[in-house]
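Chemist:
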């Protein structure tokens, strides 16, 4: 497959390295116009300038990039893979993406990101799914640059767990666009943005990001927890989120999928 990337941050670098030994080929990188260098063949500053034979674009640049580039890419018939699931908490963005995919007969593929158990949630909602709660814990430095800065002295936290947000998945995804994509993934798989409860915690006693999902309904109940490492060059980017992008691409190109 011919692959295009949106952005060139930590996740994009991981995806590029992971794809280098495969039969997939990265043929384009879409950047803001002021960042695209004219003397670099793979860099493009607009959707219109991209090659027309790209099979799928991979969004590695966050909510704003998905909202800006997703609709025109989908409208022209190009599939998009994204881990920026929190962008769908904005109803205007969600409708624009869906309308564009319908018009272009393309698909927006949501990579699961840093959390598992989403297949269980998707199955459980076929019956009655009563409650879904997501708790996200990160070391204090993982929340720097987020609204947690306004609630806690992140640089001064040396011990203990400190909650800085409690609310719905929609509120979390809109307020924490760089930190709450996992909450959005849980919401989309289960009860939706407004019925999924979220708690976000800065925990000075941990070194990894810890994600926990609990759910109950007709199926019974479950509790899922994962302790995930961040990418080495960005403490806000989950290694598993980057891996899930490559896994989604493999799924799309496989003859048999699970």
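In the numbering used here, the protein residues as written are 1034 to 1291. Even glycine gets a Cβ: it sits at the ideal position worked out from N, Cα and C. Since we're looking at a predicted model, the values are computed, not measured.
(1) Any chance you could list the alpha helix (DSSP H) runs of at least 4 consecutive residues sitting entirely within the stretch 1203–1250, in chain order?
(2) Under the assumption that residue 1071 contacts residue 1038 (Cβ atoms under 8 angstroms), give the Cβ distance between them as a whole number of angstroms.
(3) Inspect the CB distances between the stretch 1150–1159 and the stretch 1211–1222 and report whether three or more fall short of 8 angstroms.
(4) Which of the three DSSP states is assigned to residue 1044 in this structure?
(5) Between residue 1236 and residue 1210, what straight-line distance do the alpha-carbon atoms span, to the nearest angstrom?
(6) What number of angstroms, rounded off, separates the C-alpha of residue 1244 from the C-alpha of residue 1213?
(7) Pairs of beta-carbons, one from the stretch 1181–1199 and one from the stretch 1268–1278, closer than 8 angstroms: are there three or more?
(8) Would you check if the stretch 1083–1092 and the stretch 1111–1125 touch, i.e. whether three or more CB-CB distances between them fall below 8 angstroms?
(9) If you draw a straight line from the alpha carbon of residue 1075 to that of residue 1205, how long is it in whole angstroms?
(10) Helix, strand or coil, according to DSSP, for residue 1195 in the structure here?
(11) Evaluate contact between the stretch 1134–1146 and the stretch 1195–1205, counting only Cβ atoms and requiring at least three cross-stretch pairs below 8 angstroms.
Modeler: Let me lay it out:
(1) 1214–1222
(2) Not a contact, Cβ separation roughly 18 angstroms.
(3) yes
(4) helix
(5) Distance from the CA of residue 1236 to the CA of residue 1210, rounded to the nearest whole angstrom, comes to 20 angstroms.
(6) It is roughly 11 angstroms from the alpha-carbon of residue 1244 to the alpha-carbon of residue 1213.
(7) no
(8) yes
(9) Each residue's alpha carbon lies about 35 angstroms from the other.
(10) strand
(11) no
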